[in-house]
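Here the protein sequences come in this chain order: A and B. Going by this note's numbering, the residue at position 41 of the first sequence is 43; the numbering climbs one at a time, nothing skipped. Going by this note's numbering, the residue at position 98 of the second sequence is 99; the numbering climbs one at a time, nothing skipped. This report concerns only the one structure given below.
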Amino acid sequence: MRIDPARLNASEQLRRSTRQRRAKMLVWHAIIYAVMISLACVFMLPIFWMASTSLKLPRELMAWPPEWIPSNPQWGNYAEAFGKYPLARYMLNSAILVIANIVGALLSAPVIAYGFARFNFPFKNVLFILMLSMMMVPGHIKLIPLYVLYLRLDLIDTYWPLILPAYFGSPFFIFLMTQFMRTIPRELDDAARIDGAGPWSILYRIIIPLCRPALTVVVVFTFLWTWNDFLEPIIFLRDYDSFPISVGLAFFQGRYSIEWHLFMGATLVSIIPILVVYFFAQRHLIGGLAAIGIKG
Amino acid sequence: MKSAFFKNVLALANLFMLLLVSIGGAAAQDPVTLTWWTTSGRDSPEPAIRNVIAAFEAEHPNIKVDVSIMAEGAYNDLMSTAIAAGEGVPDLAWYWSNNWLPQALDLTDRLDNDPDISRDIFHTEYFNNWVVWNDMVIALPYDIGANFVMYNKDVFDDEGVAYPTQDWTPQDYIEIAKALRNEDKRRWGGDRPRGPFRALWRNMGATNPYSDDSTTVEGYINGPESVAAYTWLWDLVDSGATPTPADLEVLGTEGTGPVDLFIAGRLGMATLNPGSMVSTLEAGVNFGVVPEPRVPGNENWVHGWALRAGIWKNSEHPDEAWEFLKFWNGPPGQRILMEQGLGHFPPIPSLLAEYEYADTEWYQGFLNVLDATQTASWRKDHPCWRGAVIRGVRDAWDLIMLGEIERDEVQATLDAMVEPGQAALDECVPRLGG
């Protein structure tokens, strides 16, 4: 059997071009990774500086040249920070508030959104616009009426003012879920109805399982917003031991100075739950937001 | 039979009356619970607050204090919300914002007729300037503060510069700042003042930004003393011996002064406050305290302040609240707070003398500063300075701080501020008063 030299040449050229393409891809990937790693390092700088500051003495905080890695790390700063204020208790309080709010958001937003997305009723559009308009009302405006309301309901200094609103639906989450549900084909509802499913059954067996990306957004955003909320806890809570961590951190700012080294240590520990949640949820979160953006 | 019946009825009635009286008596002995909002932080540790309350409750078994201890940064929002709501304001609270003062109970008669406490025990300047409002005593003073110049002795020794003295001048400040400046160590000699017509301006003779009757800006904001003070600022900025506004924005500490830069030895002198003395002491830095510099012949001024605790005018228990207030702000409470919180400086001179570091040179320097006349003595009767005029003439300050004008342009720049300053004053006086 004789091989055509022309074909041999073509095959060799193909192999060479594939090799070249792979080499190019490799270089391109290396550049992309180098850029991404550099960017990641830049974004990590504040966290690193926070960690570095948390291990310094007060007189080293603004020293020149700055020490990125303290030569004599003060690990005791963490113990001092947690000993000075009940920060562990505050983190537990935040966790309780986060769980209660997530449950509330997951119970309320899908149900209300389901109504807007799947049913027709009088004044539906007006109600939807009214609901949307609530997104545009700054939270500060509602503070005084809410303060009076909860005061008269004798709910001040309890967690109810910080939890109850989640069970009545957040306009942002209702809007988000409504838009997402509208992208789910109605034929699925019809098929389920033929099989004897009622509205609740369709919601919990068909719609909600398909809403996982949007529900992830609801969970992660509720977590972040509740964990970081500062204003409402300071208005509605009184008891020193009941504050969430966001308020607890503020104790490090005194009338005349800030204990930066302790503050940074406490803050670093307080953001760990946020980083963990974001790390595990990021794929769903980004996917969820993208899906809502594209389809909605 | 009949009389027996009446006897029984009378006995029952007596029993009923006795029961009523005993219930009434028991109700009268029920402890009154006061609500009290306070703040905690480095300056007032939470255990010290609770210890004062425990000591008070031990002395007054019929009064309980339900204290809410919150962060400094949280207090303003909460108090503003409660006052705006008109309900839910505690019996006792800090009234450090002037906007809240109309909500405070007038304590004048109580203070003047109470044998247990007298206004004479308090530092006169702080009492008159901070808790007397519209001729009423609306609170009692608590923690006092003042601005003064702290100097880092190690930095001075390092550069071989003599320490400042109590009678130093603004020109001395510039010369010392230049001598302390060290580029290699990224060290500045001193910081910049934070605003015009504070103690330093008055120490240079530029007493008021407008006339005492609040009618005229011309000749005050652009008067010769004012021009001299602004020119001094221009010279200080030009010396390069001070951090720029951008440096201070980045390296300062949240509006409390550049204490961290000072502690790190990167600022030889800084205009700081009593809390900074404690931070510096705890950081192990060797420092001294002098008043802000003064041109000889002028009065000695200080920018001071006091926190004030008051009773809400709608409190249901004003008598009990007064009992607690005079304990908290009086010698018993203040002594506990001072002994258990190093950053607490009571407004009671006899107690200040008992401070743990009372024998130190820096503490004596601090006490000297407190004796000067307070800038608040003019400001409290001229709300339009802070309320409007300062914003109207802010440009002159910024232009100098940013190095945007030449030295010989200072007069013209201030002249140009007369019109906006006068407009701001005219608009403000009908609104806030003269």
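Glycine included, every Cβ here is placed at the ideal spot set by N, Cα and C.
Distance check between N79/A and each of M52/A, E234/A and P48/A places M52/A closest, using alpha-carbon atoms only.
In the DSSP assignment, N153/B forms a beta bridge with F288/B. Of the residues assessed, E362/B falls on the exposed side of the cut-off, its CB having fewer than 16 other CB atoms within 10 angstroms. Any Cβ of chain A closer than 8 Å to the Cβ of D213/B would place that residue at the interface, and such an atom is absent. Three or more beta-carbon pairs separated by less than 8 Å link the stretch 341–349 of chain B to the stretch 41–60 of chain B, which places the two stretches in contact. Residue I122/B holds the alpha-carbon nearest to the alpha-carbon of I349/B among A105/B, W398/B and I122/B.
Cα atoms of M278/B and L145/A: separation of roughly 38 Å, rounded to the nearest angstrom. Within the DSSP bridge table, the entry for N135/B names no partner.
Within its own chain, the residues whose Cβ lies closer than 6 Å to the Cβ of E261/A, once the five positions on either side in sequence are excluded, are F254, listed in chain order. Bounds of the alpha helix (DSSP H) holding K179/B are P171 to L181.
Among the CB atoms of chain A, one or more fall inside 8 Å of the CB of L252/B. In the DSSP annotation of this structure, the continuous segment of the beta strand (DSSP E) that includes D144/B starts and ends at L141 to A147.
For K26/A, the uninterrupted alpha helix (DSSP H) segment begins and ends at P7 to T55. Neighbours of A25/A in chain B, taken as residues at a C-beta separation under 7 Å, are lacking, since the least C-beta distance is about 46 Å. Taken atom to atom, the span from the alpha-carbon of F175/A to that of T243/B is near 51 Å. Residue pairing of M71/B in beta bridges, as defined by DSSP: T40/B. Considering only A90/A, P173/A, V219/A and D197/A, the residue with the shortest C-alpha distance to V139/A is P173/A.
Here F170/A is exposed, its C-beta having fewer than 16 other C-beta atoms within 10 Å.
Excluding five sequence positions before and after M133/A, the CB atoms of its chain that fall closer than 7 Å to its own CB belong to P173 and I176, given in chain order. Judged by DSSP in its simplified three-state form, G269/B adopts strand. Along the stretch 328–369 of chain B, the alpha helix (DSSP H) occurs as fully enclosed runs of 4 or more residues at 332–341 and 350–353, listed in sequence order. The beta carbon of E226/B sits closer than 7 Å to those of M205, G206 and A207, all from its chain and outside the five residues before and after it, given in chain order. Contact of L262/B with chain A by beta-carbon distance below 7 Å involves M64.
The alpha carbon of D191/A has as its nearest neighbour, out of R154/A, I208/A, Q181/A and T269/A, the alpha carbon of I208/A.
Q255/A sits in a strand when the DSSP states are folded into three classes. With its beta carbon less than 8 Å from one in chain A, K186/B belongs to the interface. Residue-level contact check: E73/B touches chain A, since one or more beta carbons of chain A fall below 8 Å from its beta carbon. 8 Å or more divides the Cβ of P201/A from the Cβ of L99/A.
A direct Cα-Cα distance of roughly 28 Å separates L249/B from N369/B. In this structure, Y280/A is the residue among S73/A, Y149/A, L205/A and Y280/A with its C-alpha nearest to the C-alpha of W227/A. Contact between the stretch 408–420 of chain B and the stretch 216–232 of chain B is present, with at least three C-beta pairs closer than 8 Å. Contacts between V286/B and chain A, judged by CB atoms closer than 8 Å, involve R61 in chain order.
Under the 8 Å criterion on CB atoms, V249/A is classed as interfacial with respect to chain B. If you ignore the 5 residues before and after H304/B, its C-beta comes within less than 6 Å of the C-beta of N148, R199, A200 and T376, all in its own chain and listed in chain order. Excluding sequence positions up to five before and after P60/A, its CB lies within less than 7 Å of the CB of H263, all in the same chain and listed in chain order. The stretch 236–252 of chain A makes no contact with the stretch 115–128 of chain A: fewer than 3 CB pairs, one atom from each, lie closer than 8 Å.
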